[in-house]
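Peer 1: Read in order, the letters of the sequence shown correspond to residues 4 to 1096 in this note's numbering.
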Amino acid sequence: MPSFISWNCRGLRTRLDDLKSIISTYQPACVALQETFLKSTMTMQVRGYNCVRRDVDGDTSPAGGVCLFTSNLFPSNVVTLHTSLQAVAVRIHIHSLVTVCCVYLPPNDVVPQVDLNQLVSQLPAPFILLGDFNGHSPLWGHDDTNSRGRQVEQLISDHCLCLLNNDEKTYFYAPTRTFHSLDLAICTPSLLPLLNFEVDQDLHNSDHFPLLVSHVTGTGVRNCPPTYRFHRADWETFTRLAVITGIMVQDGTLNDAVFNVTEAIRNAADAAIPKTSNSPRKLCKPWWNASCQQAKKEQRRAWGIFRRYPTTDNLIAFKRAKALARRIRRQCQRESWIQYVSSITSSTTSQQLWRKVKAANGLYRDFNIPILETSTALYSSPLDVANLIGQTFASVSSSDSYSPAFQATKNRLERTPINFRCRQPLPYNCDFDMFELKRALSSAHNTSPGPDGISYVLLRHLSEDSLVSLLYLFNRIWREQVYPTQWQEAIVIPILKPGKDPKNPLSYRPIALTSCLCKTLERMVNARLVYQLEKNKCIPLFQSGFRKGRSTLDNIIQLESKIRNAFVRRNHLVSIFFDIEKAYDRTWRYGILRTLFNFGFRGNLPTFIKNFLNLRTFRASLYVDDLQISCEGSDMRMIERQLQTAVNNIVKWCDTDGHSISASKSCCVHFCRKRAIVLSRIDYGCVAYGSACNSTLQKLDPVHHMALRICSGSLDLRRKKLSLAFYFKILSVPSHPLQNVYMSTSMKRLYDARPSNIRPFMDRMKLHISELDLPNVRIQQRNLFLFQPWNTPRFLYINPFAPYSKSTVAPVVFQRVFAYHRSQYSRYSAIYTDGSKRADYVGCGVVIEDIMHGYRLDTSCSIFTAEAVAIYRALQLIDSTMPRKYCIYTDSMSVLEALENYHDRCHPVVCTILDITSRLYSKGFDIVFCWLPSHVGITGNEQADSAAKSATTHLPLAVPLSDMKRVILHHIFKIWQESWSQQLDNKLHSVKPVIGEWPVMPMRRTDVKLTRLRIGHTRFTHRHLLIGERAPECPSCHVSYTVHHILIDCPVFNNYRITFFNSSHLTLPDLVGEIPHQNLFAFIRRLGFLYLI
């Protein structure tokens, strides 16, 4: 395979597909291109390659230009050249460090010899010059010599360079059907015995042949590690082969058990899941098909005939084959593009949408192996680069990076060992349960695997028996307090920090890929750790990051409230934002263990963390690297003194715990009436910046409208919706610090006296609630840590009606099935529950022993909440009785599934049901839940339904947050509709008078045409605005063509209207309304307008 390729492509944009074919065929380390014809404003990317180029913008069109593509598989960096010539250079490591320079010398330009000499003198040796020199000389196989050729000869002689060319021709001149040598490869003498030269036999749709320069020992390209192709996996075979037996995990040492489990999973995956090739990935052309391949084959065949027999007929045949191949390629490209874009529909998820959009725009993340520099040496080989980066990461995390004062404190404190042994059993040290394992697997994202190659998707497809054995292995590790040695190894990926110098080893952030088996156990341990920390209130109240039910918006709202209060008092507020430097890398391990000990942790849990910390670098989740302090006052000198005292205390804490403040990332902001802050993200933080004045907010509206023009919605209403949703979220979180952020009586009087001052967030939301006529309800608080991770309640229900479908089975069949079911459960007392919801009424009903109980709920509650509350009330009613057997019947399958699939963010009533059910089980109750179909004549269900619909007793139940969000959305849509109903002059109002989602056409192309007809913007009626022509006019009516005129007004088409619509008096809603007329597209096709839309 050639290491270097040089090619005059005669326009890179038009030859990009040919360049990808060359790269896929030869897999070169470096490609030098001349005459790229690129403007400086154009972007050009080839996946897997870095690009460095020099463009020459002409007066009317770009001319010349050079470009170097270097493979990401080889360490490289750019060589800065100070020259007026069209040249670029890079240094790349192929067996050794080589400088590659791409040069293009235009034939009609006068190139001084001194410029060539200066160019060569700037190239670090050894180097190779590749390019189109446009010189003639017998030295490289030309029949004559021109002045440029003599210049190149002089250059080679003066600098003792070597010419790699042989007598092969590199250029085809079509007018005379002759071949010449214009492209050269020149190198320093040390490279001559290591390089071979040849010329490709295909022009690749240019007039220059690519030059192929190869290393005698090959390129030395590294093979890519193969990965599993999960989309082609045979999961049934994998599950059958991936058998983890009890013997594997019970016998031998823990290291042997982990090895056996890993091998069992990996062997099954190798047998059932295909892998990618370990060769470098070829560039993909999704539009390429058999017809393109055949056309290319015919073109090459015609070229071979012409090259052997350069006659006029053969030249014409070659050009004909070339034109046909180009036509076929363009047609396939267009068809492929249309098919790809048509796959984006309204049902496409946001993840799939952004993946397709990024792929269409050529946006992707690529890696690159850099050439690193230190003050003493240059590191270019992949092994040296890896070692240097590893040493840098190690030095950052080592004790030498601490200050001398902290090192002394560290050495003194670490002499006292921490003993986590305990005598009495603690609940969080019990064995793990299967529920914890499945929850850890379900919550894990599909991240890259560690050194063992096992990913989460493999673990999710293990059989139930294998999961039981895997859980036994985890419990062995937990009980024996031994950490497996296989899990100590990690693959560390260096990621370049944004805006940092790639040549500096300190500019990279380490990303460690560890075993997914290990991370699964870590998730299970972390769930117990977080539960204990939250339950014991070990985490400060004002810490918002990495906590359930909290977000960084909490801190923004607190700061905004302080700023508003400072403004109304006409004070200053100064805030300092700290960033702790290398917080994760320099976290003191002993300090973490000491903190856990002081929190009262003993036994297996802290010992596991201790073993984990002692064996490898740890990213501590107990610390956050962002900190903010602020101070308000009227005297800036007092503020400075207070902040300086606080900063001194923070620095003292850093010295005690081994941290340091990053001065470059920390900043101080002074808030007063002369300054304002507007966040850059529209949605994120809008609950805070939505309080800004209208003139400031209006600056964001054009940005929003430009991005979301095709979406319905208003930015101002969206701000209110998100702000209100966040307000009620705050009320739903117990002990949220913002719940106490209310104004005192004196502050209210001050705001009333100064109405121009905008109120803080919490008080501002109260005004919004009254303005939007929202019900002022009590929000039900969520207990995020109601259940212990090791003792989560189980829930099962029965469904005797599963084999029957309500749409195809008569009610009498369900009645008989229910009668048989009751005979089986005759010892269980039957309880029937149901919920009901109308426009202004929500209720639930419970029937126990033919006694009906009806309860009326807040109208903001949903039908789901009503069904769940009915079950909750039934459990409360039987809680006051003696323990016995009960069977609770409900017709809400969604509530039963929510109870069965409990998670931390589930409905609060569902959590309450699980809690009271567990308590009843512990008292001796035997409770069974059963689903039954509604309205099929089952007496108990009909009675519960009647009780739910006619309830009068009001149940003082708080409204769940999810229900309140629906109420907010309903009120926002109501206000939106009222505003839209007033826009009578808007041309779209007649087409869509009522806001709401309309059905989508099955084909995207049809849906696009229909949308353009609805908004009145088509290619035919608006093309003149893009090309600067006059608007098209109707020759019979002498008015400009519009969609309305074509479909409704123009009398020329009346006969067609009568034919297709049985009337000539139509309106736009009749044709393009919510349900478009079935003959609409046949009508516009008959007019010849269909393909002009």
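All C-beta atoms, glycine included, are put in the ideal place defined by N, C-alpha and C.
Since this is a predicted model, take the numbers as computed values, not measurements.
Shortest alpha-carbon distance to Glu376 belongs to which of Leu509, Arg284, Val219 and Cys1040?
Peer 2: Of the candidates Leu509, Arg284, Val219 and Cys1040, the one whose C-alpha sits nearest the C-alpha of Glu376 is Leu509.
Peer 1: Let's test the definition: count the other Cβ atoms within 10 Å of the Cβ of Arg722 and tell me whether it reaches 16, buried, or not, exposed.
Peer 2: Answer is buried; the Cβ neighbour count reaches 16.
Peer 1: In the structure shown, what three-state DSSP assignment does Ile971 receive?
Peer 2: Here Ile971 sits in helix by DSSP.
Peer 1: Please report how far the alpha carbon of Ala869 lies from the alpha carbon of Val812, in whole angstroms.
Peer 2: Cα-Cα distance, rounded: 28 angstroms.
Peer 1: Hey, how far is the Cα of Thr17 from the Cα of Trp10?
Peer 2: Rounded to whole angstroms, Thr17 to Trp10 spans 14 angstroms at the Cα level.
Peer 1: Cβ of Gln121 within 8 angstroms of Cβ of Val69?
Peer 2: Going by C-beta atoms, Gln121 is not nearer than 8 angstroms to Val69.
Peer 1: For Arg1149, write down the residues that DSSP places opposite it in a beta bridge.
Peer 2: Residue 1149 falls outside the range modelled here, since the chain spans only 4 to 1096, and no answer is possible.
Peer 1: Whole-angstrom Cβ separation of Leu286 and Arg50, contact assumed at under 8 angstroms?
Peer 2: Correct: roughly 6 angstroms between the Cβ atoms.
Peer 1: Assuming Ile514 is part of the beta strand (DSSP E), what are its boundary residues?
Peer 2: Segment Tyr511 to Leu516, the beta strand (DSSP E) holding Ile514.
Peer 1: With a cut-off of 8 angstroms on the beta carbons, I'd call Ala951 and Gly838 a contact; round off their distance for me.
Peer 2: Between Gly838 and Ala951 the Cβ distance is about 6 angstroms, and since that is below 8 angstroms, they are a contact.
Peer 1: Can you tell me where the alpha helix (DSSP H) holding Ile872 begins and where it ends?
Peer 2: Reading off the sequence, residue 872 comes out as Val, not Ile. Val872 -> alpha helix (DSSP H) spans Ile866 to Asp882.
Peer 1: Roughly how many angstroms lie between the CA atoms of Asn760 and Val577, to the nearest whole one?
Peer 2: So the alpha carbons of these two residues sit roughly 19 angstroms apart.
Peer 1: So, do the region 539 to 557 and the region 514 to 522 have three or more beta carbon pairs nearer to each other than 8 angstroms?
Peer 2: No: the two stretches stay apart, fewer than three of their Cβ pairs being nearer than 8 angstroms.
Peer 1: Less than 8 angstroms separating the beta-carbons of His218 and Leu244?
Peer 2: No; because the gap between Cβ atoms is not below 8 angstroms, this pair is not in contact.
Peer 1: So, under 8 angstroms CB-CB, Lys724 and Ile559 are touching, yes? Tell me the CB distance rounded to an integer number of Å.
Peer 2: Not quite, the Cβ-Cβ distance comes to about 18 angstroms (not below 8 angstroms), so this is no contact.
Peer 1: So, at 6 angstroms on beta carbons, what are the nonlocal neighbours of Thr620 in its own chain, with the 5 sequence-adjacent residues on each side left out?
Peer 2: With a pLDDT of only 40 at Thr620, under the threshold of 50, the placement of this residue in the model should not be trusted, and no figure is reported.
Peer 1: Given a cut-off of 8 angstroms on the beta-carbon distance, is the pair Arg876 and Tyr889 in contact?
Peer 2: Cβ distance not < 8 angstroms, so Arg876 and Tyr889 don't count as in contact.
Peer 1: Just mark His992 as buried or exposed, buried being the case when its beta carbon has 16 or more other beta carbons within 10 Å.
Peer 2: So His992 ends up on the exposed side.
Peer 1: Buried or exposed: Arg678, going by 16 or more other Cβ atoms within 10 Å of its Cβ?
Peer 2: For Arg678, the predicted structure reports a pLDDT of 40, less than 50, and the residue's modelled location is therefore unreliable. A value from the coordinates is still provided. Looking at its Cβ environment, which holds fewer than 16 other Cβ atoms inside 10 Å, Arg678 is exposed.
Peer 1: I'd like the span of the beta strand (DSSP E) that includes Cys914, first residue to last.
Peer 2: Element bounds for Cys914: not the beta strand (DSSP E) but the alpha helix (DSSP H), Pro911 to Lys926.
Peer 1: DSSP three-state call for Gln631: helix, strand or coil?
Peer 2: Note: Gln631 maps to strand in three-state DSSP.
Peer 1: For Thr73, which residues of its own chain have a beta-carbon under 6 angstroms away from its beta-carbon, when the five flanking residues on both sides are left out?
Peer 2: Once the five neighbours on either side are set aside, the close Cβ partners of Thr73 are Cys33, Asn53, Ser79, Val93 and Ile95.
Peer 1: Less than 7 angstroms between C-beta atoms, sequence neighbours within five positions excluded: which residues of the same chain meet that for Ala1123?
Peer 2: With the chain covering 4 to 1096 only, the question about residue 1123 has no answer from this structure.
Peer 1: Under DSSP, the alpha helix (DSSP H) around Arg56 begins and ends at which residues?
Peer 2: First-last for Arg56: Tyr52 to Arg57, but that is the beta strand (DSSP E), not the alpha helix (DSSP H).
Peer 1: Using the three-state DSSP reduction, which class does His183 fall into: helix, strand or coil?
Peer 2: Of the three classes helix, strand and coil, the one that applies to His183 here is strand, per DSSP.
Peer 1: Compare the Cα-Cα distances from Ile341 to each of Gln827, Asp755, Ser445 and Trp290 and report the closest residue.
Peer 2: Checking every option, the nearest Cα to that of Ile341 belongs to Trp290.
Peer 1: Which value, in whole angstroms, describes the spacing of the CA atoms of Ser717 and Ala363?
Peer 2: Caution applies to Ser717, whose pLDDT of 48 falls short of 50 and renders its modelled position unreliable; the value that the coordinates give is listed next. Rounded to the nearest angstrom, the two C-alpha atoms are 29 angstroms apart.
Peer 1: If His183 and His145 are in contact, beta carbons under 8 angstroms, what's the gap, nearest whole angstrom?
Peer 2: About 6 angstroms separates the two Cβ atoms, so the contact holds.
Peer 1: Taking 7 angstroms as the cut-off, does the CB of Ile1061 come closer than this to any heavy atom belonging to the ligand COA?
Peer 2: The ligand content of the structure shown is nil, which means the ligand COA is not present either.
Peer 1: Output the distance between the C-alpha atoms of Pro178 and Phe7, rounded to the nearest integer angstrom.
Peer 2: Each residue's alpha carbon lies about 30 angstroms from the other.
Peer 1: Among Asp135, Pro806 and Pro428, which has the Cα closest to the Cα of Asn111?
Peer 2: When only C-alpha atoms are compared, the closest one is Asp135.
Peer 1: Run through the region 1031 to 1073 for me and flag every whole alpha helix (DSSP H) of 4 or more residues, listed as ranges in chain order.
Peer 2: Correct list: 1057 to 1064.
Peer 1: Keeping to the same chain, check which residues put their C-beta closer than 6 angstroms to that of Val252; ignore five residues upstream and five downstream.
Peer 2: For Val252, where only same-chain residues beyond five positions count, the Cβ hits under 6 angstroms are Ala260, Ser472, Tyr475 and Leu476.
Peer 1: What residue does the alpha helix (DSSP H) around His771 start on, and which one ends it?
Peer 2: That run of the alpha helix (DSSP H) goes Phe764 to Glu774.
Peer 1: At a cut of 8 angstroms, does the region 726 to 740 reach the region 956 to 973 through at least three beta carbon pairs?
Peer 2: The region 726 to 740, when compared against the region 956 to 973, does touch it at the 8 angstroms Cβ threshold.
Peer 1: Are Leu720 and Ile392 close, meaning C-beta to C-beta below 8 angstroms?
Peer 2: Contact flag unset, no.
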